[in-house]
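See structure below.
Protein chains in written order, with this note's numbering: chain A, 24 to 1005; chain B, 44 to 475.
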């Protein structure tokens, strides 16, 4: 009777919730003021505060009281929850609930669009802080039902579109209520990402680094705007300033992007909460160092279908590993001390949320942490104390279960949101699972009832034989039809203390009384489960850095190394020293000489071998997640340092070719490109550790066909410049503006800080060097003249294929040349490119380097250097300098590396032959005294990869055979970056 | 007077034009003897301190210099130097494009899937600046191959010092080139398809299409040919064995399918180009006498987990299985990089191939693959005097420095557009 009342009360909720001052025409106006008491429950007030046999008092959608001995006022409905557990219901802070993702408007234009489509807003359409999710919100009953079923009570939703996405809103999943009540906050947080809006075709930014630069300039502009610097009105900047005090949530995705987002935030004193991708375990200490709260999806990939070996061999070990390791992400994050919330984002179906969470818990993820990640942490992220707990005054959002919410066997009965009951599984349904025996017409049957709630099922046996039957249990009644070889018997019964009792209707239409006896449960089952669990203890393979086949499980350590009796190519005035010893200590070249001794040094016999400084590639595009920001003709505001990718396998391959340092240059999509990253190839380290300390500042400029978009197709004919004539004017214009900007800045007048002009002013102030992509002599000459007009020098011409035609002018200007050995004929402007270029420039007194611009060529730059001997007759010493000390000079790192000299960094390579010989192999590549490549270790890695692959393939085959879901194999395709790669 | 002026203008024009490219050498009119060099014969053998003599375009003596016989004609003292047969590049496309980015200069890919009648021969630009740049590196012969489609067309073998394509051709229409379909496919992600790699459902259909094509061609050729079919006519040599079928294919399943398909339609003279994974079907290749034209050594490994040096070891892996291997030149920037063929062989040598075997891949083996081994490829009496003298090991860029080169006994120019620019500007810089 009490239950019936409760049901009636719930049915009337929508009526009761009509806004109090709204007129009503459908009945008697009542108010919602019922109090409900839940007694005898185990109550999780918060993940850490648990009350056994406690009482929860709820009124008006809020918790009125909670505790062990709560006085229940008179006239209050009481629900006895003995044996049941109450949890605060869950919160999803990253959702698109009730908000549709905008669609890209149709466009017939194939021409690029450089300007913003909107006026009165920011200059870039992808900055949309004025977006207000609540204006597009429509409560989605279907989705709400799914989420409520999974235990969620509140979601934070927003418009998933654009780089700045405006404010999101906090919604209680109360389908019994209306927006006037269930929207908890219309301005709950501001959302950001690196992805452009689909609502605009504006090109900029085309790259990750462009998005980062845009965010920086936007923050600067917002500040300047709020200080009254602008003459115009800008609705976007106003909105941004208005959203400043909201929580800032950033959709980053990958670990690298999470670190990038955090970096931008830190520069402006903003701590973003960051959405990850579930692979945070791959760089856990870096994630921890961000200090950010993470939002982590648990969308675990299915095993790959490896039954076809020809297909299976295409899957990289890294991808296989991720299948194996992913479910351990939460345990590892939690052990690593990273605070995080969980989200259903990325899940194809909300229903898989608990299944995946259970998998994670099996891998050692603590249940209390799991509860925190679904309640207190998301509440904290949103800065709210009234959700995610059941303290007095909090929203009455809670779950009723019959046990541990994270156990597979537990049933979630009800999910109360704002004091409104949502039934997931009917609590009133009795649990009749168990084994029963009965007999009908002298024949004995065994009945086994399994399942949960309304889905309890019975199966029938007679002796060892299965008997066909239909079983139904609803509203307290069991209805069973037995089909015994075409003879039908029907039973109607109810459960009682000893089993069941009721009536049998037999084949003749006769009625008998029916009773079934419940058998005692066997205890053995539990033990079996336990032993099975132990057997199934999942094997998790080791994480390496980076987490791919050739990554390092342990990072190389700095060693004291003595290389004896080796032929030393010093790249200094000493030339080649035969039979010499070199001592590496504390990361430096400590001693060079004969018969050296050093205590505790690792001694390497260098007899018959050659030791050189590590190769330096002045022009590389490996180890980067982006190369070109092609959205503007000048992008001095972007920097490759933002997008260094330490996970690129080409780092390892370059090490195997004796390369130790590279300049990662921006591409040549525009006359003024982005800033460089100068890095050491410290395989396994993170991006920051790879970038030089106190790195010299460089920027990429470019000339010729690429910047005038000659080979971009017929649609790309509108961006200035389209000719070499226009290219000059781009430079003059920007430098002129930079000079004026710098003057204003130094004068102390208020000015709008402009990152692009700041960078260009550094060039004019000789604080940043230009490496300019160049081919034909006219434009090479032009750029030198432009620089001279602004009283600075070009540092390097890179490619510089017609450098030989103006080598004398280059010498006079003081610019270096970094060229290809023998590439030509791929474009019209390299028609006169000749392999003798290096030799002629060298003869003219220009500092000459040989570069790669290519991930394949870079791993054998020693061979490319040797071509200068064939073409133009350079000496072996001069040839070798083109890939060691000369590029070091061009990069202003020659005081640290590039030659074998006491005091310099221990960046050296041990070669099997004369390093210029085609037969030479790098055997050891050492950076800062750490061995990053060793030809013998490489052989061990090959064996380890083979072993681990077959181990994982076996595990995946087992998964498939055991009925697990599998996905088609995928081949990882690595992007091949060149100058003109977008 | 005026007329005279015009003639001299024309004359000037012609001479400037001629000067722009290197003039092909005239037919050999007197004998040469090269003495004292280390001779790499192209068949895996070496003669230290050798004597090589040739006349009328043919080798007349190849042996040790200790032989007391009379030296014929001009004697070149090559002591300390090395002599090689001219390097030969199968599966190249020299002369079919000049500047990659300029569409007007691209002539290697015709429209259509089945084009056996397309002939590279007639599009070959004998005056190409890219072609002449081969010679200073010892690359003297190449198979000029059309690209694209399923059956790309018919190739011809050219020597690289000629006035025109007729002079250049040393074996006209030597082979037909076919790109074998892949058995796997990836979804087009840009159309919203799943990017996963999966078996191509159309693979059996694509094979059937090829089979049907050749069966129809065969039927046609056996018939009365009352109505001419140009494409089918062009396949005749495949069935009578006078032409080779070059199947461009990788993957051991695909290679097996390709060979079985060709044999099933009665084509037995087969060459595999690319051939990644050919080591796994070595027995099939050897049984059917099928050589493999591998790609350049300077490639990036295909998969992230591959050994960094896997592309450097391709040749060694196949040679160890007993397969005949040559090195081809298909892919990115293939034409300008064809001159690096000796260094690909050198890299293969650095990673396990015996040095003379490495030379053989780009001489004797390449000639065999192209069906020109009766004329060139090795230094043997009676064969063409197509050879060169290098300062040192021609597989190493430090020492691949040519002093003389001969094609059919003709002493060819080693000057190029590039050397001329070098000389002009070197003079400008160094004579200052």
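C-beta: ideal position from N, C-alpha, C; glycine also.
This one's a predicted model, so the numbers in the text were calculated from it and none came from an experiment.
Hey, is residue i's beta-carbon within less than 9 angstroms of any beta-carbon in chain B?
i	result
residue 213/A	no
residue 44/A	no
residue 146/A	no
residue 949/A	no
residue 728/A	yes
residue 853/A	yes
residue 859/A	yes
residue 880/A	yes
From the DSSP output, read off the bridge partner residues of residue i.
i	result
residue 75/B	97/B, 117/B
residue 437/A	423/A, 446/A
residue 506/A	491/A, 511/A
With a threshold of 9 angstroms between beta carbons, is residue i in contact with chain A?
i	result
residue 245/B	no
residue 160/B	no
residue 447/B	no
residue 359/B	no
residue 237/B	yes
residue 141/B	yes
residue 383/B	yes
residue 461/B	yes
For residue i, which residues of its own chain have a beta-carbon under 7 angstroms away from its beta-carbon, when the five flanking residues on both sides are left out?
i	result
residue 364/B	322, 325
residue 300/A	276, 277, 320
residue 890/A	844, 845, 858
Taking the alpha carbon of residue i as the reference point, which residue from the options has its own alpha carbon closest?
i	options	result
residue 112/A	197/A, 166/A, 183/A, 75/A	197/A
residue 1032/A	145/A, 910/A, 882/A	Nothing can be reported for residue 1032/A: it is not among the residues displayed for chain A, which extend from 24 to 1005.
residue 851/A	314/B, 145/B, 100/B	145/B
residue 194/B	161/B, 157/B, 164/B	157/B
residue 229/B	337/A, 883/A, 191/A	337/A
residue 80/A	731/A, 61/A, 66/A	61/A
residue 57/A	77/A, 63/A, 95/A, 44/A	95/A
residue 165/B	215/B, 292/B, 395/B	215/B
residue 570/A	707/A, 991/A, 819/A, 269/A	707/A
residue 319/B	335/B, 286/B, 220/B	335/B
residue 132/A	120/A, 223/A, 145/A, 190/A	223/A
Would DSSP call residue i helix, strand or coil?
i	result
residue 61/A	strand
residue 291/B	strand
residue 222/A	coil
residue 79/A	strand
residue 135/A	coil
residue 208/A	strand
residue 333/B	coil
residue 360/B	helix
residue 480/A	strand
residue 187/B	strand
residue 350/A	helix
residue 542/A	coil
residue 221/B	strand
residue 111/A	strand
Only counting the same chain, and skipping five residues up and downstream in sequence, which positions put a Cβ closer than 8 angstroms to that of residue i?
i	result
residue 176/B	379, 382, 459, 460, 461
Once the 5 residues before and after residue i are set aside, which same chain residues still bring their CB inside 6 angstroms of it?
i	result
residue 594/A	636, 904, 907, 908, 922
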